[in-house]
Amino acid sequence: MSIITGLYLSQNTLVEGYKKIVPTKKEQTQITIFVIITITIILLLAASDKNPNIIAIPTMSS
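What the sequence shown shows, in the UniProt record's numbering, is residues 1 to 62, in sequence order.
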């Protein structure tokens, strides 16, 4: 029982902390866009490492 209470309290603390840190709507949109762009770049880099032809235009036709 005490474990459940502890989890509940820690969850509430996290939520309260998040409410204090939570950015405004405009900032949130900018952060979301930034995160999406970052993830896209990371995925593109990962894809280009495994198979360079995904991004780089093949110079020689197969």
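Built from N, CA and C at the ideal position, the CB exists for glycine as well. Only a predicted model underlies this, so the values are computations on that prediction, with no experimental measurement involved.
Kindly indicate which three-state DSSP category T29 falls into: helix, strand or coil?
One-based indexing of the sequence shown puts residue 29 at position 29. Three-state result, T29: helix.
With H, G and I counted as helix, E and B as strand and the rest as coil, what does DSSP make of T24?
What you label residue 24 is simply residue 24 of the sequence shown in a count that begins at 1. DSSP places T24 outside both helix and strand once states are collapsed to three, so it counts as coil.
Cutting at 6 angstroms between CB atoms, please list the residues of its own chain near L45, excluding the five before and the five after it.
To locate residue 45, count along the sequence shown from 1; it is residue 45. Taken in chain order, the list of residues that qualify is empty.
Rounded to whole angstroms, what's the CA-CA distance from I37 to T13? Just pull it up for me.
Against the sequence shown, residue 37 aligns to sequence position 37. Against the sequence shown, residue 13 aligns to sequence position 13. Computed Cα separation, rounded: 31 angstroms.
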